[in-house]
Amino acid sequence: MRIVGVCFAYVFLVILGLCSLAKAQHVSNLSRPYTPIRSASTALSVLQEITERTGIEFSYSEEALLQVRVFRFSGAERTVGAVLNTMLAGTDLEALERGGKVLIIPKRPAPSVTVSGIVTDSASHEVVIGCFVSCRELGLGTVTNQYGFYSITIPVGKRLLTFNSIGYRSDSVMAPLSGASLRLDRALSSGITLSAVRVSSSKESLQDATVLNLEDITRHAGLLGENDVLKSLQHVSGVQSATDGLSSLLVRGGDPGHNMNILDGVPLYYTEHFFGLTSIFNTDAVKSVSFYKGAFPARYGGRLASVTDVSTRDGNMERFAGTVSVGLLKGSATLEGPLIRNKSSFLLAARRTWIDALWRPFFDDFRLNFYDVNGKVNTIINKNNRVYASFYSGRDQFAIRFLKTDLQATWGNAFGALRWATILSPRLFVNTSFSYSRFRYLIRDVYYEQTVDTVERSVRYKGRSTISEAALRVQADYYPSARLHVQGGAVMASSNFSPASTTFAVQMGGRPAGTVAAEPFTVLEWSVYAEAIWDINRLWRLRAGMHNSMWFNKSFRYVSPQPRVQCEYRFSNDERLFLSVTRMSQFLHLLQDNSGGFPSEVWVPGAERIRPSDSWVGSLGYQRRLKGDIELKGEVYHKTISGILAYRGTGNIFSNSLKWQDNLTQGQGKSYGLEVQGAYTKQKLTLQACYTLAWALRRFAELNQGRYFPYRYDRRHNFKINMTYHPRKRFMAIVGWTFMSGEAISIPSQAYSNFQANNLGSLSNYPLVYYYNQPNNYRLPSIHRLDVSVNFIRRKGAHYVRTWTFGLFNAYGQQNLVGVTLLEVSPGQISINGLSLFRYVPVISYQVNF
Amino acid sequence: MSRLGSCGLVLLIWLSAASCVKELNLGTSQEAGKLVLMGELLAGDSAYVRAGKSISVSGVTGLLPEPLANLTVYLADSAGSQVSLHEESDFLFYSLFTQLFKNESYRIGAGQTYELGVAHPDVGHVSASVTVPEPFQATFLGWEYAKLGGDSAIAVDLRVEDPRLVSSLYVIEVVRESLELYRYFRYNGSEYSYLGNERLLDSLINAGLTVEIWEDTVAALDYNNVPLSSTDARSENGASGGIGSLTRVYLPGARCAGTAFETRIVARLNDLIPFRSRLFNVSVRIKSVNKAYYDYLKGLDIYSNSIENSSGNIIFNLSGNVVGGFGMVGGAYCVRFGFIL
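Just so you know, the protein sequences line up as chains A and B, in that order. Residue numbering for the first sequence follows my numbering, beginning at 142 and increasing consecutively. Residue numbering for the second sequence follows my numbering, beginning at 12 and increasing consecutively.
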């Protein structure tokens, strides 16, 4: 037994000795003198050259070596180890010796520290959204969320953290990192305008978002001087307007109702005022806008084509401030200030049309106006907790009284929301909100009637469609490492729908009055989502998530799993290739009335016989930032849509309130195209251009023998270019040129005699019946126009700014059509007349900020 | 405010002046015309349809069709027996562009299904299958003057009894026809028209003579459906197209509980009596119709005259029951009441 023990000890000592010998050999390998022949080379050639000249064998993965970029030796390298250190600097790789070989392997994890905090504006203490926080030496970074929160976990040591955000001076801080975590709140000073129009940095654009701030929005000359969020988004490739000059958005072949519009976290149903001359987003209250047209993050759901996520300003915590502006259409006023200095603030913004005041004193039988009010209060409870209360109310009104008939229509959104943002740990941020919103559409037709034996009584027909929604939303952002961001959340919403209600107040002859109403019903929507944003290495990035929604009540249940995947390959910090596939579902449908009346849009919910709409969007894109501040981005996409809801022919849902679902039909759509956009920025000049080549098709079983036909807004070419010239502080000029292919309309191909005239054998002059061989078979002329405007800016003191804006919309008076009319000249002969409205339209506005 | 008002006024004038209407170029459709077949098979009535050919739409000239020679029309019942409908020339062709085909000796039966066919050696062949509903009872409860939208109107009360009410589809319409009123008088054995002889008639009356006066009416054949309003919440009219703009009241029997229902329809008097010199033959028709016909009539009422509104919308082709061509042959059981206004 003793002999066995001695033998084991002997063997152990031999092994230990051999290991020591090997270790000695290993040390000597990396320490062996070596001077590289070339000053710059690739990793593979360097290793081959070392092997050839020294005989040292390497073990490595060629895939891992891809993260080693072309490098340059300093000339100070005199050993194999020094050469390898230079070569592997800035990568996740290190060189170790094992068994006589030099292994190139991933570094062993070092102790790390989580740095987190809130980034704010130094003047107003508003949180800064989308600020890029980075540790450049490690090639790591993150972006602040909508509450200004960031979290980044990086190895211990003395690290330089940089904070960059559009419109703010770059801020850097050298942080000696040790321990478990560091709270680092930063206040950025505004000053340097980096880039007005961006295809954004690689980190930001990973989400395929277009980010606009107030400055971006005011760089586009709008109709009647209305700078507008949605009109600014029309300058993004793949986005177009339905009618020239108006604010509706059509994104990648989608309907106007396929766009999700979110204001302070609450989805809105109606987004246009004054029939589209301006959107409901009050520019004076807007802080930032994030716009997605594909590669949707998992947190978004409920619409097919795009997401416009608007955040309003929180209100200045330092001082009272305001804005007053008057344009040709409306006036607006905004007031903000501290409730408790540096702890609580408010913002109140209101707008109303004033143009109807011109005729109201003389003629009250025609009303056309809108108003909206935004309000927000926020309070910092402590450094980890902040609460927000916000509300919005907007209403459009159209009314006309003619003879004894009084037609009125009002519609609009309203909501109230409470939000609580809390930092549970340096790596975990949770946002909880509760909101109640309401959309109401009301059309009223009042008239009078009388029987011989009774007094005159008014009889009222009233059509009403309402949606009210109470929703609880919870979202958590977890940052387990610098390369991984996990986001998850849940939405529980209860919506009450009254899709169509028709009321006759009084009947004649003693017959009972009645309301014919589709039975109001409640629908629950439960959604859960989770998403991981993973920087696999320096080359690859993956964003994968799932949004799962359930739309149900006791009569029906729809479940929609919606995978979202985006993969990105970065050639360098300035060049990337990305691919995304996402599915979106929509349970609410926007119906556009085809009867020619107005207002003509009603939201109806998915119900027993109305299934949700679904879309699959795939896109492949390439983006590059060139020298000289030029950014280019190109993307191809393909989208399929099912469950598009439309009226059967013309009519509206109020024509048969009990069976409103009978008046509707569902079809399919597909769209595909190429999008290119670029931006050039140099000192005082900013140039932005975008081009879209697109096809958009529709298919309904009842139309065109079930074959695809062009969508009304199947515009083949869409080109926009915008130039901003800001030579000095007091003057800025903006020039924009727009080109869009004409929309497709339906022209009849055959005509035949009227049934009624034939059936009655009547000599009366009955119109012919027209037959259309294909929907949307005629192309209207292309649209193009030049818009110019100049801003004269005067500053007094630190805060007073007065801006006069003058310009001309459609400066060369192109007769762009906003609508067409078909007229029957004689049996079988028709003429098409297009109406052109907006030519040489002046842009005048006056704004004071204080 | 006054300064702002001035600015706004200038703006409105500017917008008005800058707006314009632009006529667009439209060629001629190259599509060949198709056969058209239209009519209504009424239970108990003779077979009567009109047939023709559609015309190509043009932006250049209006096209007037020529009558089709060698057009044949037949009617077959479900038992397989077939009769021909014979062409009869009538003056309506140049306003309706269709030719009349009928068979006076053949009677349409309630509850029967028929096959109608039209053939032409060059244009082709079309057919339509028509089911005629079963009979029902209807009672005219009376009418009275009323008001509608501030205008004078008449209200008609009706009662319908139908053991198959739940499965029946009712269409109520009011058809008017102008009656030209002519007055005559006789003097010395001769007949005189009042027109042109007013002084003679006045002098005879002033002289205390007994003059025989009588009136006659001549139908103008200008049949028109009168726009109707229904305040019956069971009807489909509601607000579709606005109060009073539909020319029929649509009442699905399924909405009316039991085997009978009463309803009231209202028509503006202005739509009935445009000129005092005329009378109107007013016919109230209550029809039980088949589903295809019901839908077609509703489509015709809502969509057919709206070419001006059609361009921007999802279009609607009136889909009749004529296979291979255009048109509709409806099947109906009709109860009608008439009075003269």
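The beta-carbon is built from N, C-alpha and C at its ideal position, and this holds for glycine as well.
Chain A places no beta carbon closer than 9 Å to that of B:Leu192, leaving this residue out of the contacts.
For A:Val966, a Cβ of chain B is located within less than 9 Å of the residue's own Cβ. Using a CB distance cut-off of 9 Å, B:Ile351 does not count as an interface residue toward chain A. Residue-level contact by beta carbon holds for A:Arg980 and chain B, with a gap shorter than 9 Å. Counting along the chain, A:Leu838 sits inside the beta strand (DSSP E) bounded by residues 826–840. At a cut-off of 9 Å, the C-beta of B:Arg170 has no neighbouring C-beta in chain A. Taking one beta carbon from each stretch, the segment 143–160 of chain B and the segment 190–197 of chain B have fewer than 3 pairs nearer than 8 Å; the two do not touch. Listed along chain A is no residue with a C-beta nearer than 7 Å to that of B:Asn114; the closest approach is about 16 Å.
B:Asp133 carries a coil assignment under DSSP once its states are collapsed to helix, strand and coil. Counting along the chain, A:Tyr512 sits inside no alpha helix (DSSP H); it lies in the beta strand (DSSP E) bounded by residues 507–523. Taking 9 Å as the CB threshold, B:Asp56 stays off the interface with chain A. The DSSP-derived three-state label of A:Ile197 is coil. B:Phe337 belongs to the set of residues whose beta carbon lies under 9 Å from a beta carbon in chain A. No Cβ-Cβ contact shorter than 9 Å links A:Ser639 with A:Pro408. Exclusion of the five residues before and after A:Glu666 leaves Ala634, Trp692 as the residues of its chain whose Cβ lies within less than 6 Å of its Cβ.
In the displayed model, B:His97 falls within a strand according to three-state DSSP. Contact between A:Ala491 and A:Ser473 is confirmed by a C-beta separation of about 7 Å, below the 8 Å threshold.
Taking a Cβ-Cβ cut-off of 8 Å, the neighbours of B:Asp233 in chain A comprise Ser903, Leu904, Ser905, given in sequence order.
Ranking B:Ala265, B:Asn301, B:Thr242 by CA distance to the CA of B:Ala278 puts B:Thr242 first. By the Cβ criterion, the segment 746–764 of chain A is in contact with the segment 719–727 of chain A, since at least three pairs of Cβ atoms, one from each stretch, lie closer than 8 Å.
For the segment 885–896 of chain A, the beta-carbon criterion of a distance under 8 Å to any beta-carbon of chain B is satisfied by Ile886, Ser887, Ile888, Pro889, Ser890, Gln891, Ala892, Tyr893, Ser894, Asn895, Phe896. A:Arg684 and A:Pro704 do not touch by the CB rule: their CB atoms are close to 11 Å apart, not below 8 Å.
Counting only Cβ-Cβ distances below 8 Å, B:Val68 has contacts in chain A at Ile888, Pro889, Ser890, Gln891, Ala892, Tyr911, Gly969, Gln970, Ile971, in chain order. Annotation: A:Leu325 has no Cβ neighbours in chain B at a cutoff of 9 Å; minimum Cβ distance is about 50 Å.
Interface criterion not met: the Cβ of A:Gly775 is under 9 Å from no Cβ in chain B. Just measuring C-alpha positions, the residue of A:Met228, A:Gly877, A:Ser447, A:Leu509 sitting nearest A:Phe212 is A:Met228.
Contact of B:Ser65 with chain A by beta-carbon distance below 8 Å involves Gln891, Ala892, Tyr893, Tyr912. Pairwise C-beta distances place the segment 841–853 of chain A out of contact with the segment 889–901 of chain A, as fewer than three of them are shorter than 8 Å. 9 Å or more divides the Cβ of A:Ala748 from the Cβ of A:Ser690.
Close partners of A:Gln549 in chain B (Cβ separation under 9 Å) are lacking, with about 13 Å as the shortest Cβ gap. At least one CB of chain A lies nearer than 9 Å to the CB of B:Val32. Cβ contact annotation for A:Ser485 (same chain, cutoff 6 Å, sequence separation greater than five): Thr520, in chain order. Counting along the chain, the unbroken alpha helix (DSSP H) around A:Gly222 starts and ends at 221–229. Out of B:Ser106, B:Ala90, B:Ser89, B:Leu79, the CA that lies nearest to the CA of B:Glu98 is found in B:Leu79. Burial is judged here by how many other beta carbons sit within 10 angstroms of a residue's own beta carbon; A:Lys811 has at least 16 and is buried.
Secondary structure note for B:Leu37: it is in no beta strand (DSSP E), with a DSSP letter that is neither H nor E.
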